[in-house]
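> Sequential numbering of the sequence shown, starting at 1, is according to full-length UniProt numbering.
Before I ask anything, let me first share the structure, which is written out below as structure tokens.
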Amino acid sequence: MSAGPSGPARSPRAQQRASAGFDRLRPRGSRPPVVTPTPSGPAVGRDAHGKRALYSGLRPTTPPNTSLRVECSRCGQTSLLGAWQALRALTPSVHLPLVHPRHPSLLRCPTCRRVSWVRLGLHLRPAG
Numbered sequence: 001m002s003a004g005p006s007g008p009a010r011s012p013r014a015q016q017r018a019s020a021g022f023d024r025l026r027p028r029g030s031r032p033p034v035v036t037p038t039p040s041g042p043a044v045g046r047d048a049h050g051k052r053a054l055y056s057g058l059r060p061t062t063p064p065n066t067s068l069r070v071e072c073s074r075c076g077q078t079s080l081l082g083a084w085q086a087l088r089a090l091t092p093s094v095h096l097p098l099v100h101p102r103h104p105s106l107l108r109c110p111t112c113r114r115v116s117w118v119r120l121g122l123h124l125r126p127a128g
């Protein structure tokens, strides 16, 4: 093997191995890459926005089927509470239907946060 101007000479097999990994690269000084225009119209396919909708992070909230309606005698507001909120609001409460027939329950109003006489009602919504 003789040494060339750029270094030691390689065997043909060594040259083949060295160039095997770079066969997909263009040699330097070749033509510039071809840019193909992308269509600017709507996406073609069955579900153009499905992937965006799937990974958007927004989830539709479904209202609960059953809630507790609380009507406050002090502030006059009506609140709808879910199951856990109702449990929290009703834990300490006093229910005296004979003393106050219009607002028989004494508990903390979820709207004004003051202890007051309230009227409770079960609010049912059809499922589906």
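A virtual CB, placed ideally from N, CA and C, is assigned to each residue, including glycine.
(1) What does DSSP give as the partner residues of S116 in its beta bridges?
(2) For E71, would you say it is in contact with chain B, using Cβ-to-Cβ distances shorter than 9 Å as the test?
(3) By DSSP, does R74 sit in helix, in strand, or in coil?
(4) Could you work out which residue in P12, R13 and G82 is closest to G121 when comparing CA atoms only?
(5) Enumerate in chain order the residues of its own chain whose CB-to-CB distance from Q77 is below 6 Å, with the five nearest sequence positions on each side excluded.
(6) Report the residue from C75, L68 and S116 whose alpha carbon sits nearest the alpha carbon of S93.
(7) Check this for me: beta carbons of R102 and S79, under 9 Å apart or not?
(8) How far does the alpha helix (DSSP H) with R88 in it reach, from first residue to last?
Working from what's here:
(1) By one-based count along the sequence shown, residue 116 stands at place 116. According to DSSP, S116 bridges with L107.
(2) Annotation note: the requested chain B is absent from the structure, which comprises a single protein chain.
(3) Taking the sequence shown and counting its residues from 1, one reaches residue 74 at position 74. Here R74 sits in coil by DSSP.
(4) Here residue 121 is taken as the residue at index 121 of the sequence shown, counted from 1. Residue nearest to G121 within the set P12, R13 and G82 is G82 (criterion: CA-CA distance).
(5) The residue you call residue 77 lines up with position 77 of the sequence shown. Contacts found: T111.
(6) Here residue 93 corresponds to residue number 93 of the sequence shown, with the count starting at 1. For S93, the nearest C-alpha among the options comes from S116.
(7) In the sequence shown, residue 102 corresponds to position 102, counting from 1. In the sequence shown, residue 79 corresponds to position 79, counting from 1. Going by C-beta atoms, R102 is not nearer than 9 Å to S79.
(8) Position 88 of the sequence shown holds residue 88. Taken as a continuous stretch (DSSP letters only), the alpha helix (DSSP H) holding R88 covers A83 to L90.
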